[in-house]
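Here is the structure we will look at, set down as C-alpha cells.
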Amino acid sequence: MNKVKLFLNYAGYCFANEKHAIQGGENKPVKFNALYGLILHPEKGWILFDTGYAERFYDVTKNFPNKIYAKITKVFVKTEDEIQWQLNSFGIKVSDIKHVIISHFHADHIGGLKDFNNAQFYCSRPAYKQMKNMPSFLGVTKGILKDLIPADFDSRLSFIEDIAVPTHDEIFGVKYDLWGDTSMFIYDLPGHAAGQIGMQVQTTKNNYFLVSDACWYKKSFEKMCPAHPIASIIFDSWKAYMSSLEKLHLLHIQSPQIIIVPTHCNETTSKLVSAKFDIDAL
Ligand SMILES: [Zn+2]
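Count the sequence shown with the working numbering and you get residues 161 to 442, in order.
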C-alpha cells in the first residue's frame, strides 16, 4: 500500500441537539465541528477531503428560503477558521490544492469549494444527481445550498465510479481505489445523504477511515446506536443509513485497529486535530 500523509482540522462549527444526534442523548446543544482532511500524496500532491464552512455561508443564507437554514442551524465561522486562511498560514497556496473529494453536498462539508479554482472535484454520481436535480428553493430541506457550488463545477467534476478502480470488499461489497495505487480508498456510505462517500487512507502510523456523517458518534458504530429517527427528516434514506452503519459496526469489530473518524464526533476528532500544522503527526 502506498502511504500518504494526513492532517485534520476544523473549519467552523454549528450546534446540534444531542438527543437528535444519538439515541439516548441528552436534551442539550452539542458542538458539531466541521472537520476537513488535508492529504499529501507522493504523486498527486495536496488533496482535500471536504472543506468545512466558510464565511460565504452567511451571504448565501441572507435571503429566503436559504435563510431558514441559518435560522435552524446556527453556524459559527470566522475568516481565520476558513480552510483557505488556514492553508495560507501553513504555507500552502490554495492554487496548490489540485483535488477536492466531496463526501456529500451539505453546507458544512462544501462551504469552501469556491476557494479552489485550480482543483478537480470528486464525488459519487448519486450525490451529484441529488444536488443537481434539487430545485434551489427545496435544497434547504435537505441541507443543500447550491449557491456554495462554483459556477464551473460541472466542468471540473469527476465521478468516483468512473475514474477509480473498483475492488471487491468483504463488508462493503465494493471499494474504489481512487488513484489505482492503493493509497486512498473510497467507500459508499449512503443514507445520511444520497451517495455519501467515505475515504480510507494509510499513513506511516495508522489507518484512518473518514466516514463523514455516516454516523455522528463513535458510540454509534461501536454499539449500533444510531441517530434519533427525527434526524431522518434531513436524511436521504433511513434504511440506507442503517445499512451503512451496520457495515461500519462490522468493520470496527473485524478491524478495530482502523481509526474510524465521523466528521462531527468530538471524542474522536479532538485527539486528531491540531491548529498547529504538522503533516507527519498522524
Ligand atoms: Zn456534516
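Don't be surprised by glycine CBs; every beta carbon is placed ideally from N, CA and C.
Per DSSP, the bridge partner or partners of S318: In the DSSP assignment, S318 forms a beta bridge with Y282.
So, using beta-carbon positions, are K274 and I309 closer together than 9 Å? Yes.
For the alpha helix (DSSP H) containing Y347, list its first residue and its last residue. In the DSSP assignment, Y347 falls outside any alpha helix (DSSP H) and within the unbroken beta strand (DSSP E) covering M344 to D348.
Do F192 and ligand 1 come close, with the Cβ less than 8 Å from some heavy atom? In this structure, F192 has its CB closer than 8 Å to one or more heavy atoms of ligand 1.
Less than 6 Å between C-beta atoms, sequence neighbours within five positions excluded: which residues of the same chain meet that for N169? Cβ neighbours of N169 within its own chain (closer than 6 Å, five residues either side excluded): V433.
Just to confirm before moving on: does the CB-CB distance between I261 and C283 stay below 9 Å? Their beta carbons are under 9 Å apart, which means I261 touches C283 by this criterion.
Would you check whether ligand 1 has a heavy atom nearer than 8 Å to the C-beta of T428? T428 Cβ: outside cutoff for every heavy atom of ligand 1.
Which first and last residues belong to the alpha helix (DSSP H) in which H269 is found? Start and end: A267 to I270.
If you measure from each CB to the nearest heavy atom of ligand 3 and keep those under 6 Å, what residues do you get, in chain order? Within the structure as shown, ligand 3 is missing, the only ligands being ligand 1.
Y377 versus E427: straight-line alpha-carbon distance, rounded: Rounded to the nearest angstrom, the two C-alpha atoms are 8 Å apart.
Would K407 and A353 be called neighbours here (beta carbons separated by less than 9 Å)? At the C-beta level, K407 and A353 stay beyond 9 Å of one another.
Thinking C-beta only, is V254 closer than 9 Å to N277? Yes, they are a contact pair.
Please state whether the Cβ-Cβ distance between F381 and F250 is less than 9 Å. The Cβ atoms of F381 and F250 do not sit closer than 9 Å to each other.
Using the DSSP secondary-structure output, state which residues sit across from G358 in a beta bridge. Partner(s): Y347.
Can you tell me whether N169 is helix, strand or coil according to DSSP? Under the three-state reduction of DSSP output, N169 falls in the strand class.
If you count every other CB in all the chains shown that lies within 10 Å of the CB of S315, and 16 or more means buried, which is it? It counts as exposed.
Can you tell me which residues form a DSSP beta bridge with N193? Answer is Y173.
Identity of the residue in T429, D440, A441 and L442 nearest A171 by Cα: Ranking the options by Cα distance to A171, first place goes to T429.
May I have the straight-line CA-CA distance separating A194 from E330, to the nearest angstrom? Between the alpha carbons of A194 and E330 lies a gap of roughly 30 Å.
To which residues does DSSP link G205 through a beta bridge? Answer is H201, bridged to G205.
Take every Cβ of the region 397-405, pair it with every Cβ of the region 351-370, and state whether three or more of those distances are shorter than 8 Å. They touch, by the three-pair rule.
Check each candidate in K204, Y229, H424 and K379 and name the one with the smallest Cα separation from D210. With distances taken between Cα atoms, D210 lies closest to H424.
Measuring only the C-alpha atoms, how far is N187 from H180? Looking at the two C-alpha atoms, the distance is approximately 8 Å.
Can you give me the Cβ contacts of K258 inside the same chain, cut-off strictly under 8 Å, excluding the 5 residues immediately before and after it? K204, G205, W206, I207, N278, A279 and Q280, listed in sequence order.
Quick check on this structure: which residue in F236, C385, I393 and S415 has the alpha carbon closest to the alpha carbon of G299? The candidate whose alpha carbon is nearest that of G299 is I393.
H328: first and last residue of the uninterrupted alpha helix (DSSP H) it sits in: Here H328 belongs to no alpha helix (DSSP H); instead the beta strand (DSSP E) covers V325 to D329.
Whose C-alpha, out of S415, C385, K163 and Y196, is nearest the C-alpha of D268? If we check each option's Cα against that of D268, Y196 comes out closest.
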